[in-house]
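These notes are about the structure you will find just below.
There are 2 protein chains.
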Amino acid sequence: MIRISIDAMGGDFGPEIVIPGMATALERHPDIRFVIFGREEEVKPVLARHQALSNASTLHHCDVAVRMDEKPSQALRNGRWKSSMWRAIEAVKTGEADACVSAGNTGALMAMSKFCLRTMANVERPAIAGVWPTLRGESIVLDIGATIGADAQQLVDYAVMGAAMARSLFEIERPTIGLLNVGVEEIKGQDDVKDAARILREIPLPSLEYYGFVEGNDIGKGTVDVVVTEGFAGNIALKAAEGTAKQYTQYLREAMNRTLMSRIGYLFAKGAFDRMREKMDPRKTNGGVFLGLNGVVIKSHGGTDALGFASAIDVGYDMAHNKLLDKIAADLTHFHKSPVGAAFQDETESAAEVEIEQQEK
Amino acid sequence: MIRISIDAMGGDFGPEIVIPGMATALERHPDIRFVIFGREEEVKPVLARHQALSNASTLHHCDVAVRMDEKPSQALRNGRWKSSMWRAIEAVKTGEADACVSAGNTGALMAMSKFCLRTMANVERPAIAGVWPTLRGESIVLDIGATIGADAQQLVDYAVMGAAMARSLFEIERPTIGLLNVGVEEIKGQDDVKDAARILREIPLPSLEYYGFVEGNDIGKGTVDVVVTEGFAGNIALKAAEGTAKQYTQYLREAMNRTLMSRIGYLFAKGAFDRMREKMDPRKTNGGVFLGLNGVVIKSHGGTDALGFASAIDVGYDMAHNKLLDKIAADLTHFHKSPVGAAFQDETESAAEVEIEQQEK
Chain A
1 MIRISIDAMG GDFGPEIVIP GMATALERHP DIRFVIFGRE EEVKPVLARH QALSNASTLH
61 HCDVAVRMDE KPSQALRNGR WKSSMWRAIE AVKTGEADAC VSAGNTGALM AMSKFCLRTM
121 ANVERPAIAG VWPTLRGESI VLDIGATIGA DAQQLVDYAV MGAAMARSLF EIERPTIGLL
181 NVGVEEIKGQ DDVKDAARIL REIPLPSLEY YGFVEGNDIG KGTVDVVVTE GFAGNIALKA
241 AEGTAKQYTQ YLREAMNRTL MSRIGYLFAK GAFDRMREKM DPRKTNGGVF LGLNGVVIKS
301 HGGTDALGFA SAIDVGYDMA HNKLLDKIAA DLTHFHKSPV GAAFQDETES AAEVEIEQQE
361 K
Chain B
362 MIRISIDAMG GDFGPEIVIP GMATALERHP DIRFVIFGRE EEVKPVLARH QALSNASTLH
422 HCDVAVRMDE KPSQALRNGR WKSSMWRAIE AVKTGEADAC VSAGNTGALM AMSKFCLRTM
482 ANVERPAIAG VWPTLRGESI VLDIGATIGA DAQQLVDYAV MGAAMARSLF EIERPTIGLL
542 NVGVEEIKGQ DDVKDAARIL REIPLPSLEY YGFVEGNDIG KGTVDVVVTE GFAGNIALKA
602 AEGTAKQYTQ YLREAMNRTL MSRIGYLFAK GAFDRMREKM DPRKTNGGVF LGLNGVVIKS
662 HGGTDALGFA SAIDVGYDMA HNKLLDKIAA DLTHFHKSPV GAAFQDETES AAEVEIEQQE
722 K
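Each protein sequence line maps, in turn, to chains A and B.
Residue numbering for the first sequence follows the working numbering, starting at 1 and increasing by one per position.
Residue numbering for the second sequence follows the working numbering, starting at 362 and increasing by one per position.
Next up, the structure:
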């Protein structure tokens, strides 16, 4: 049995999408038990339409729902302890649930998750990891927007955590890791990425294989299982790819509607188009995983539909089922105990000390 | 008459692609005169096949060609003063040419351009600007990889230069400018982007309209005419979009080949597919513009074909014809003379002083 806590009020459509999504996920994984947090008067009527789901769920009423446009600090002020989002996260902390899923606003969800669950030992900052459809299958990309900028140690942490997620999700023993970089040599400013590369080459971990630098177009190619970058570039890459996919779909639609011949062609090839649409369907890869926290939290896209929300629950299910947190913790400990990791840690700590001393001057 | 200097040895295929590309560009713009730099024994035989082009060109023999895998520092050491790349750039400096086009390696071309042409007054660092096909037409994105990282002043400079390029290329009087950002509020580390936004809101320039922040998916939508970001994220965005487009094309090809029905459908809709392919054709938007230098230098994709190289020449032609440099210089002067710009300049300078003082402690 996997227990999943749900923030029923998150997303652009709240329970109307969340509840049917849960019903779909339950059909796929009958061993899920749900703990739902939300406004009873809104959740109950929708839940009543799904008998099996009702039987597999416990509903806790919460007055407060975090709004989609609330700033993280506002959300914390207004919704700590009592909002459906907070309480869904808290259920993971108290051990009531194995994973939490919310389609609520990303900033608030991350702020509350950090506040409630805290970051794991040896992890400085959490990251958000996404699943990216590629020509080879699927890859994991992180950080797609938890934090802007990352130093070498954080990038290495991301690599270790991303590898653990790949092992949980794709069941590969030793995922390949690429550091996202630009192709131009000798460009200034990528010291952190270069330092991270050095550490990853020397890392003695059996849980990942460092491939080297990859570029933006390698993500879609599926050159590596895990692509590591800081949150600004990661988020921009993800959204730029989304934008391009939409553009392509739009061009295709226009082209197919243009002449009688193309419309006939479309009818013949409809099966092929459907297949292709399914391959590019963003709902299938919905679900950003917050990595580096003492608990599994999954962020669903706010504008997704029931099928998309079900995918986010699937991800939470897989992460809990495959014991993601244990894998991450073991790998991080292994790394930080290794001579390279320990030396690196000391280096970073003394650098941090110098920085603090400088600031105090 | 527009005079364009060509590095005939650049790119993966050298003169075999460059010369036919020039011939195509000449058909489109019969008032171009070319100054070609390259190895005579390789260039002459190809040139001989194109009568009109031969008549419109002067060929200068150069022994040295910069290799595609040469590091910028190596290229400078081996090829300064004498390589085809250097001499093509130099022709712009001496006034022999109005613009230079090369498909050679980006790092070397930028290093040589900076060394030979120097950055314009008031510009700290040059940027590379690319034309991005969008649902609304075309937009300009910069920096797509000249430098990693950019402070507020550099981002503002990019905005002014990108606007001048949009005015030259799209003939819009007041292009809209968006600053690339991530959607999450209150995230740390985007101080430079926020400061740039503040300056752009207060800027009194008649040559651009500041739209606000845009996200990665806004690029493909064509939300603004010019998207401004630092070179790491810009390069990643560009390549991620390229990767996605390739993925889509591959899926479409597979889908259309899969069944008899889909193959028949393809035949009917072939015209539509061709139209769509043309819309997404990366060759049509080939040509990165180096902005911020005392001269127009265009970087063509190294792996492009003759049609792609012709597009890069087209861009150079437009930039020279529409007096891009004068526009940039006027706008930058206007900005830096304005109260906001001057205050900002002082601010940045004193910040730089503080930084240097701190380092000296």
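No residue lacks a Cβ here, since even glycine has one placed at the ideal position from N, Cα and C.
Residues that A:Val226 bridges to, as DSSP identifies them: Working through the first sequence from its first residue, we reach residue 226 of chain A at position 226. A:Ile140, A:Ile177, per the DSSP bridge assignment.
Within its chain, find whatever has a CB closer than 6 Å to the CB of B:Lys443; leave out the 5 residues flanking it on each side and keep chain order. Taking the second sequence and counting its residues from 1, one reaches residue 443 of chain B at position 82. The answer, listed in chain order, is Val425.
Let me know the secondary structure DSSP gives A:Asp218 once reduced to three states. The count along the first sequence starts at 1 and reaches residue 218 of chain A at position 218. The answer is helix: DSSP assigns A:Asp218 an H, G or I state.
Please confirm whether A:Leu47 and A:Ile19 have their CB atoms less than 8 Å apart. Your numbering for residue 47 of chain A matches position 47 in the first sequence. Your numbering for residue 19 of chain A matches position 19 in the first sequence. Against a cut-off of 8 Å, the Cβ pair of A:Ile19 and A:Leu47 comes out as a contact.
Assign B:Glu532 to one of two classes, buried (16 or more other C-beta atoms within 10 Å of its C-beta) or exposed (fewer than that). As a first step, residue 532 of chain B is located in the second sequence; it is residue number 171 there, counting from the start. With fewer than 16 Cβ atoms within 10 Å of its Cβ, B:Glu532 is classed as exposed.
A:Gln359 - DSSP class collapsed to helix/strand/coil: Residue numbering aside, residue 359 of chain A sits at position 359 when the first sequence is read from its first letter. In this prediction, A:Gln359 has a pLDDT of 41, which is less than 50 and means its spatial position is unreliable; what the coordinates show is noted afterwards. Three-state result, A:Gln359: helix.
Is B:Leu414 close to chain A, meaning its C-beta is less than 8 Å from at least one C-beta of that chain? The residue given as residue 414 of chain B occupies position 53 in the second sequence. For B:Leu414, the answer is no, since every Cβ of chain A falls outside 8 Å of its Cβ.
Would you mind working out which of B:Arg535, B:Thr508, B:Met429, B:Leu470 sits nearest B:Gly375, comparing C-alpha positions? Taking the first residue of the second sequence as 1, we reach residue 375 of chain B at position 14. Selected option, being the one with the closest Cα: B:Met429.
So which residues of chain B does A:Thr259 contact, with C-beta pairs closer than 8 Å? On the first sequence, residue 259 of chain A is found 259 positions in, with the first residue counted as 1. What A:Thr259 touches in chain B: Gly632, Ala633.
Closer than 7 Å: is that where the CB of B:Arg364 sits relative to any heavy atom of the ligand NAP? For the structure depicted, the ligand NAP is absent and the ligand set is empty, with no information on it obtainable.
For B:Arg364, which three-state DSSP category applies? The sequence position of residue 364 of chain B within the second sequence is 3, counting from 1. Three-state result, B:Arg364: strand.
So which residues on chain A does B:Thr605 lean against when the C-beta distance must stay under 7 Å? The residue given as residue 605 of chain B occupies position 244 in the second sequence. By Cβ distance, chain A contributes Gly220, Ala241, Thr244, Ala245.
Tell me the rounded alpha-carbon separation between A:Gly308 and B:His695. Within the first sequence, residue 308 of chain A is the residue found at index 308, counting from 1. Within the second sequence, residue 695 of chain B is the residue found at index 334, counting from 1. Each residue's alpha carbon lies about 50 Å from the other.
Tell me whether B:Ser434 is buried or exposed, calling it buried when 16 or more other Cβ atoms sit within 10 Å of its Cβ. Counted from its first residue, the second sequence places residue 434 of chain B at position 73. Burial call: exposed.
Element boundaries [alpha helix (DSSP H), containing B:Leu693]: The residue you call residue 693 of chain B lines up with position 332 of the second sequence. Its alpha helix (DSSP H) spans residues 685 to 698.
Would a check of beta-carbon distances place B:Tyr627 closer than 8 Å to chain A? As a position in the second sequence, residue 627 of chain B is number 266, starting the count at 1. It does: the Cβ of B:Tyr627 has a partner Cβ on chain A nearer than 8 Å.
Beta carbon of B:Ser445 nearer than 8 Å to that of B:Gly399: Counting from one through the second sequence, the residue named residue 445 of chain B turns up at place 84. Counting from one through the second sequence, the residue named residue 399 of chain B turns up at place 38. Yes. Within cutoff.
Per DSSP, what kind of secondary structure is B:Gly653 in: helix, strand or coil? Numbered from its first residue, the second sequence carries residue 653 of chain B at position 292. Of the three classes helix, strand and coil, the one that applies to B:Gly653 here is coil, per DSSP.
Exposure label - B:Arg528; buried when at least 16 CB within 10 Å: Taking the first residue of the second sequence as position 1, residue 528 of chain B is located at position 167. Result: buried.
Nearest-angstrom Cα distance between A:Arg174 and A:Glu209? For this step, residue 174 of chain A is matched to residue 174 along the first sequence. For this step, residue 209 of chain A is matched to residue 209 along the first sequence. Straight-line Cα distance between these residues: approximately 6 Å.
Compute the Euclidean distance between the alpha carbons of B:Val587 and B:Asn596, then round it to the nearest angstrom. Reading the second sequence from its first residue, position 226 is the one you call residue 587 of chain B. Reading the second sequence from its first residue, position 235 is the one you call residue 596 of chain B. B:Val587 and B:Asn596: Cα-Cα distance of roughly 15 Å.
Confirm, please, whether the CB-CB distance from B:Thr646 to B:Pro494 is below 8 Å. Sequence index remark: in the second sequence, residue 494 of chain B carries index 133 (1-based). Sequence index remark: in the second sequence, residue 646 of chain B carries index 285 (1-based). Cβ distance < 8 Å, so B:Pro494 and B:Thr646 count as in contact.
Is there a Cβ of chain B sitting closer than 8 Å to that of A:Phe290, yes or no? Indexing the first sequence from 1 puts residue 290 of chain A at position 290. Cβ-Cβ to chain B under 8 Å: no for A:Phe290.
Candidates A:Gly137, A:Asp98, A:Gln153, A:Val141: closest to A:Arg125 by CA position: Counting from one through the first sequence, the residue named residue 125 of chain A turns up at place 125. Looking at the Cα atoms, A:Gln153 is the closest of the given residues.
From B:His390, B:Phe593, B:Ile538, B:Leu496, pick the residue whose C-alpha is nearest to that of B:Gly573; which is it? As a position in the second sequence, residue 573 of chain B is number 212, starting the count at 1. Ranking the options by Cα distance to B:Gly573, first place goes to B:Ile538.
For a test of the three-state rule: what should DSSP assign to A:Lys299, helix, strand or coil? In the first sequence, residue 299 of chain A corresponds to position 299, counting from 1. Strand.
Please give the ranges of any alpha helix (DSSP H) in the segment 397 to 468 of chain B, keeping only runs that are unbroken, at least 4 residues long and fully inside the region. 401 to 409, 412 to 416, 433 to 440, 445 to 454
Drop a sphere of 10 angstroms on the beta-carbon of A:Arg283, count the other beta-carbons inside from all chains shown, and report buried for 16 or more, exposed for fewer. Here residue 283 of chain A corresponds to residue number 283 of the first sequence, with the count starting at 1. Under this definition A:Arg283 is a buried residue.
Should B:Met481 and B:Leu654 be called a contact, given that it needs their Cβ atoms to be closer than 8 Å? Within the second sequence, the letter at position 120 stands for residue 481 of chain B. Within the second sequence, the letter at position 293 stands for residue 654 of chain B. In contact: B:Met481 and B:Leu654 (Cβ atoms closer than 8 Å).
Which partner residues of A:Pro15 appear in the DSSP bridge assignment? For the purposes of this step, residue 15 of chain A is identified with residue 15 of the first sequence, where counting begins at 1. Answer is none; A:Pro15 lacks a bridge partner.
Where B:Glu570 sits in the DSSP three-state scheme: As a working note, residue 570 of chain B is residue 209 in the second sequence. Correct three-state label for B:Glu570: strand.
Partners in chain A for B:Ser623, counting only beta-carbon separations shorter than 8 Å: Taking the second sequence and counting its residues from 1, one reaches residue 623 of chain B at position 262. Residues of chain A passing the Cβ test: Phe268, Ala269, Gly271, Ala272.
Going by the DSSP bridge assignment, what does B:Ala490 pair with across the sheet? Working through the second sequence from its first residue, we reach residue 490 of chain B at position 129. Per DSSP, B:Leu503, B:Val650.
Report the rounded CA-to-CA distance for A:Ile356 versus A:Asp151, giving the unit in angstroms. Locating residue 356 of chain A in the first sequence gives position 356, counting from the first residue. Locating residue 151 of chain A in the first sequence gives position 151, counting from the first residue. Caution applies to A:Ile356, whose pLDDT of 37 falls short of 50 and renders its modelled position unreliable; the value that the coordinates give is listed next. A:Ile356 and A:Asp151: Cα-Cα distance of roughly 16 Å.
On the DSSP bridge list, what partners appear for A:Thr119? As a first step, residue 119 of chain A is located in the first sequence; it is residue number 119 there, counting from the start. DSSP output for A:Thr119 lists A:Leu293 as bridge partner(s).
For the 8 Å Cβ check, are there 3 or more pairs between the segment 618 to 628 of chain B and the segment 233 to 251 of chain A? no
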